[in-house]
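Take a look at the structure below.
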Amino acid sequence: MLEFDGIDVGYGRSVVLHDLSLAARDGGVTAVLGHNGAGKSTLLRAAIGLLKPRAGTIRLDGADITGLAPHQRVARGMAYVPQGQQSFPHLTTAENLQLIADGRRNGKAATAEALGLFPALAGLMNRRAGLLSGGQRQQLAIARALITEPRLLLLDEPTEGIQPSVVAEIEQTILSLAGRGGMSVLLVEQHVGFAVRAAGRYYVLEAGRVTSSGQGGEDAESAVREALAV
Amino acid sequence: MTLVFSQLFTGISIGAVLLLIALGLSLTFGQMNVINMAHGEFIMAGAYTVYVVQQIITNAGVSLLVALPVAFLVAGAMGVVLEFLLIRRLYTRPLDTLLVTWGVALILQQLARDIFGAPNVQTRAPDLLTGSITIFSSGDGNDLMVANSRLFILTLALLAVAALTLGLRMTPLGRRIRAVVQNRDLAAASGIATGRVDRMTFFIGSGLAGIAGVALTLVGPIGPTMGTNIIIDAFLVVVVGGIGQLKGTVIVAFALGMMQSLVEYSTTISVAKVLVFLTIVAFLQWRPQGLFTLRTRSLA
Numbered sequence: 589m590l591e592f593d594g595i596d597v598g599y600g601r602s603v604v605l606h607d608l609s610l611a612a613r614d615g616g617v618t619a620v621l622g623h624n625g626a627g628k629s630t631l632l633r634a635a636i637g638l639l640k641p642r643a644g645t646i647r648l649d650g651a652d653i654t655g656l657a658p659h660q661r662v663a664r665g666m667a668y669v670p671q672g673q674q675s676f677p678h679l680t681t682a683e684n685l686q687l688i689a690d691g692r693r694n695g696k697a698a699t700a701e702a703l704g705l706f707p708a709l710a711g712l713m714n715r716r717a718g719l720l721s722g723g724q725r726q727q728l729a730i731a732r733a734l735i736t737e738p739r740l741l742l743l744d745e746p747t748e749g750i751q752p753s754v755v756a757e758i759e760q761t762i763l764s765l766a767g768r769g770g771m772s773v774l775l776v777e778q779h780v781g782f783a784v785r786a787a788g789r790y791y792v793l794e795a796g797r798v799t800s801s802g803q804g805g806e807d808a809e810s811a812v813r814e815a816l817a818v
Numbered sequence: 117m118t119l120v121f122s123q124l125f126t127g128i129s130i131g132a133v134l135l136l137i138a139l140g141l142s143l144t145f146g147q148m149n150v151i152n153m154a155h156g157e158f159i160m161a162g163a164y165t166v167y168v169v170q171q172i173i174t175n176a177g178v179s180l181l182v183a184l185p186v187a188f189l190v191a192g193a194m195g196v197v198l199e200f201l202l203i204r205r206l207y208t209r210p211l212d213t214l215l216v217t218w219g220v221a222l223i224l225q226q227l228a229r230d231i232f233g234a235p236n237v238q239t240r241a242p243d244l245l246t247g248s249i250t251i252f253s254s255g256d257g258n259d260l261m262v263a264n265s266r267l268f269i270l271t272l273a274l275l276a277v278a279a280l281t282l283g284l285r286m287t288p289l290g291r292r293i294r295a296v297v298q299n300r301d302l303a304a305a306s307g308i309a310t311g312r313v314d315r316m317t318f319f320i321g322s323g324l325a326g327i328a329g330v331a332l333t334l335v336g337p338i339g340p341t342m343g344t345n346i347i348i349d350a351f352l353v354v355v356v357g358g359i360g361q362l363k364g365t366v367i368v369a370f371a372l373g374m375m376q377s378l379v380e381y382s383t384t385i386s387v388a389k390v391l392v393f394l395t396i397v398a399f400l401q402w403r404p405q406g407l408f409t410l411r412t413r414s415l416a
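So the protein sequences, as listed, match chains A and B. Per our numbering: the first sequence ends with 818, consecutive numbering throughout. Per our numbering: the second sequence ends with 416, consecutive numbering throughout.
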């Protein structure tokens, strides 16, 4: 579905991803794991078009999307939930959702469906997003992404810094989304447990290079922990 | 007492002019952080639009009404061209933006001299706006009177504030503008064409400068440097009100106008200007973020 083929990506003079190749397959979850600074978030920023690769190609369903702007990639079925529970802080919860639904043929229904996944948001519609808790903001961020009805959801450490009760809810939502078909998930995580268990395939990044990859699932957890311990 | 009220009304009308000018800046400078030194020349373009329209439509009232939307479109289009050709390449380089737009301002001033001549030109105000109305009659000759043109400018400023507030809050474009201002990368990654939103924001901000230019023709002559003379005050209004805060812009525009008017009453125009600037400097030392900021629990 989404392929990175020999990409170099960086900021200023420093190169973060070196000749990196990996693929998120159609259906299910693909996990990318690594320590801080391994280049996981950079990979997703390049995938959605916020960073331009200096070399290499990114393809979506076989079509070269390397030169496309982020909004053009969203129009092709990609959605991105960045790290850090990002929102539009001075817009209310309702406005955060309406913003994405505006101009979409199925906007209302998609918003209702997204709210169905996170019912807690329904009671916070008039509250500014900047005043929500971290967990609520992350739910809002995922709901916003889902309104675009993506075929590929890019999730950057969706449970980082969130209270355990909400983490379980978010993990359950990711599993149900990936399991119902029609949508694939490229999940970037620092913590091995959930990501590897949920993934059909995993990649381990270290210093901007893939150092290990394989089939995901319960059995893969120890292999990934070993790869990350090096 | 009548004199104090009279000065207050003068202050309100100065504030209304300041507000009209600062409204456009509150979008391009306050919301987008672009220091566009050519904003004053968009005001000038709006004013010259009235002059040109009056060459075609001789009825002063009709020409003023026609000039309002035309000036909005002319100044807005100039803003879009400037944004598309220069500013969008300089979003990460604010000092370069300042210098480049200053250069553009000088070019536009010279262009105005070439087209309309160096001396100031006059437009005709509609009869309805040339008189004044008596707010309070004291019976001793010290009546409280307000010029109709000033009331018109005040109404225009309040209508512009209402339209901008509603537009930013209620329309899809308004939501997109606010989203791009608050988190550009997230907006782009959410499917918003940020470049198009930037251009529309510049169009509206510059168009409002055009409207301000139309209003200024009612209180003074039109000249190539008319925008430059007043733009600094408008920048101060946006900074003191709080960057990106429409509410702050409105309050500070009227506060500065009234302060200027009241201090002028007991001193001179120059001394009043110095005292107002000193007060602003002191205020910004105490509250550098401006009058209003929004509370958030997150940075993004």
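Beta carbons are placed, not taken as given, at the ideal position from N, Cα and C, and that holds for glycine.
Going by Cα to Cα distance, which pick from the options is closest to residue i?
i, options, result
"A234(B)", "I359(B), A369(B), V120(B) and P337(B)", "P337(B)"
"I137(B)", "A369(B), T239(B) and T217(B)", "A369(B)"
"V798(A)", "G616(A), L610(A) and L728(A)", "L610(A)"
"A796(A)", "D614(A), H623(A), S721(A) and L741(A)", "In the sequence on display, residue 796(A) carries Gly and not Ala. The option with the nearest alpha carbon to G796(A) is H623(A)."
"L284(B)", "L245(B), L139(B) and L391(B)", "L139(B)"
"D212(B)", "L119(B), I348(B), V150(B) and V277(B)", "V150(B)"
"R647(A)", "A698(A), S721(A) and D593(A)", "D593(A)"
"I385(B)", "T118(B), G127(B) and I320(B)", "G127(B)"
"L632(A)", "I595(A), R785(A), L679(A) and R601(A)", "I595(A)"
"G326(B)", "L135(B), E380(B) and V186(B)", "V186(B)"
"V330(B)", "R240(B), V313(B), V390(B) and L260(B)", "R240(B)"
"G625(A)", "S810(A), G788(A), L793(A) and V780(A)", "L793(A)"
"R664(A)", "L608(A), V620(A) and P738(A)", "P738(A)"
"V776(A)", "G788(A), R789(A) and L621(A)", "L621(A)"
"E591(A)", "T761(A), A766(A) and A651(A)", "A651(A)"
"T344(B)", "L289(B), N175(B) and Q226(B)", "Q226(B)"
For residue i, name the three-state secondary structure that DSSP assigns.
i, result
"A416(B)", "Because the pLDDT at A416(B) is just 36, under 50, the model does not fix this residue reliably, and the point stays unresolved."
"M713(A)", "coil"
"H155(B)", "helix"
"V353(B)", "helix"
"S629(A)", "helix"
"R647(A)", "strand"
"I320(B)", "helix"
"E745(A)", "coil"
"R204(B)", "helix"
"R411(B)", "Legend: pLDDT at R411(B) = 49, less than 50; position of this residue unreliable, no value from coordinates given."
"I251(B)", "strand"
"S721(A)", "coil"
"Q123(B)", "helix"
"V755(A)", "helix"
"G423(B)", "The question about residue 423(B) has no answer, for chain B in this structure spans 117 to 416."
"M374(B)", "helix"
"A700(A)", "helix"
"H547(A)", "Residue 547(A) lies beyond the range of chain A shown here (589 to 818); nothing can be said about it."
"D596(A)", "strand"
"Q803(A)", "strand"
"R266(B)", "helix"
"V335(B)", "coil"
"T217(B)", "helix"
Enumerate in chain order the residues of its own chain whose CB-to-CB distance from residue i is below 6 Å, with the five nearest sequence positions on each side excluded.
i, result
"A817(A)", "none"
"Y668(A)", "I636 and L742"
"L734(A)", "A702"
"Q671(A)", "S629, D744 and E745"
"L202(B)", "V216"
"T165(B)", "A183, V186, A187 and V190"
Cβ of residue i versus every heavy atom of the ligand NAP: is any distance shorter than 8 Å?
i, result
"S772(A)", "Ligands are entirely absent from the displayed structure, and the ligand NAP is therefore not among its contents."
Excluding the five sequence neighbours on either side, which residues of its own chain have a C-beta within less than 7 Å of the C-beta of residue i, listed in chain order?
i, result
"P614(A)", "Residue 614(A) is actually Asp in this sequence, not Pro. M589 and S772, listed in sequence order."
"V354(B)", "A138, L141, S142, F145, G146 and T365"
"L245(B)", "N264, S265, F268 and L334"
"A643(A)", "G594, I595 and D596"
"P658(A)", "I636, G637 and L638"
"A612(A)", "M589, L590, T618, L740, S772 and L774"
"H606(A)", "D596, G796 and R797"
Leaving out five residues before and five after residue i in sequence, what residues of the same chain have Cβ atoms less than 8 Å from its Cβ?
i, result
"V356(B)", "G364, V368, L372, I396, F399, L400, G406 and L407"
"Q376(B)", "G127, I130, A388, K389 and V392"
"I249(B)", "M261, V262, N264 and L267"
With 7 Å as the limit, tell me which residues of the region 310 to 338 of chain B have their beta carbon closer than that to any beta carbon of chain A; keep them in chain order.
-> Those residues of the region 310 to 338 of chain B that come within reach of chain A (Cβ to Cβ, closer than 7 Å) do not exist; the list is empty.
Closer than 7 Å, Cβ to Cβ, to anything on chain A: give me those residues from the region 289 to 309 of chain B, in chain order.
-> Answer in chain order: R291, R292, R294, A295, Q298, N299, D301, L302, A304, A305, S306, G307, I308 and A309.
Using a beta-carbon distance cut-off of less than 7 Å, what residues from the region 700 to 713 of chain A approach chain B?
-> Residues of the region 700 to 713 of chain A that bring their beta carbon within less than 7 Å of a beta carbon in chain B are absent altogether.
Whole alpha helix (DSSP H) runs in the region 268 to 299 of chain B with 4 or more residues, listed along the chain?
-> Segments of the alpha helix (DSSP H) lying fully in the region 268 to 299 of chain B: 288 to 298.
When you check each C-beta in the region 655 to 666 of chain A against every C-beta of chain B, which residues fall closer than 8 Å?
-> If the cut-off is 8 Å between Cβ atoms, the region 655 to 666 of chain A has A657, P658, H659, V662 and A663 near chain B.
If you measure beta-carbon to beta-carbon, which residues of the region 676 to 698 of chain A are closer than 7 Å to chain B?
-> Those would be F676, P677, H678, L679, E683, Q686, L687, I688, D690 and G691, in chain order.
Select from the region 634 to 653 of chain A all residues with a C-beta closer than 7 Å to any C-beta belonging to chain B, and list them in chain order.
-> If the cut-off is 7 Å between Cβ atoms, the region 634 to 653 of chain A has I636 and L638 near chain B.
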